[in-house]
Amino acid sequence: MRQIAARLREFANNRRYATRYPVRLPFSIVSAGTKARVINASRPLTLDGYTYDISSTGVGLITSTIRIGGSYLVGSDCSLDLTLRLPKESIQMLVNPVRYEKLDEDKNETGFLIGVNIIEISNSNSTKLDAYLRTIR
Numbered sequence: 001m002r003q004i005a006a007r008l009r010e011f012a013n014n015r016r017y018a019t020r021y022p023v024r025l026p027f028s029i030v031s032a033g034t035k036a037r038v039i040n041a042s043r044p045l046t047l048d049g050y051t052y053d054i055s056s057t058g059v060g061l062i063t064s065t066i067r068i069g070g071s072y073l074v075g076s077d078c079s080l081d082l083t084l085r086l087p088k089e090s091i092q093m094l095v096n097p098v099r100y101e102k103l104d105e106d107k108n109e110t111g112f113l114i115g116v117n118i119i120e121i122s123n124s125n126s127t128k129l130d131a132y133l134r135t136i137r
């Protein structure tokens with residue numbers, strides 16, 4: 001029994017995650033499910049916010065709400081088109097929300113923290129993201 005417990009502890013401690021870096025960058029998101037809906041027939045519904053942290057595999061997003069129009073950003077099978085504004089340029093990626101929490105109103109941040117995994121990013125945008133991450137390490 002002890003051997004099993006020791007192996008479980010070893011396995012849990014050996015899990016690898018990409019290092020997250022705390023950084024505040026502006027972003028815009030469009031729910032992939034709301035692309036067809038437009039305001040004034042000219043542009044899709046978007047939500048702006050800023051990052052809490054970032055890694056090569058995911059981003060922590062801070063938003064004022066968890067809805068775009070009538071759609072939840074964190075629903076099942078929800079994908080979001082994320083435009084992240086790096087200091088020198090913007091990059092686009094498709095992300096999948098995996099968790100969210102309401103931020104305490106008595107702290108410095110208000111709204112919602114949404115954790116997303118990057119599920120699709122072009123090679124050129126991935127290279128730009130990796131180059132940016134090297135500058136903030």
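Okay, so the sequence shown: first residue is 1 according to the numbering used here, each after it adds one. Note that CB positions come from ideal geometry on N, CA and C, so glycine has one too.
Counting along the chain, Tyr17 sits inside no alpha helix (DSSP H), nor does DSSP assign it H or E at all. In the displayed model, Asp130 falls within a helix according to three-state DSSP. Residue pairing by DSSP places Val30 opposite Asp81 in a beta bridge. Thr135 sits in a helix when the DSSP states are folded into three classes. Under the three-state reduction of DSSP, Asn108 is assigned to coil, being neither helix nor strand. Under the three-state reduction of DSSP, Ser124 is assigned to helix. In this structure the segment 125-133 lies against the segment 81-101, because at least three pairs of beta carbons, one per stretch, are closer than 8 Å. Within the DSSP secondary-structure output, Val95 pairs in a beta bridge with Leu80 and Ile118.
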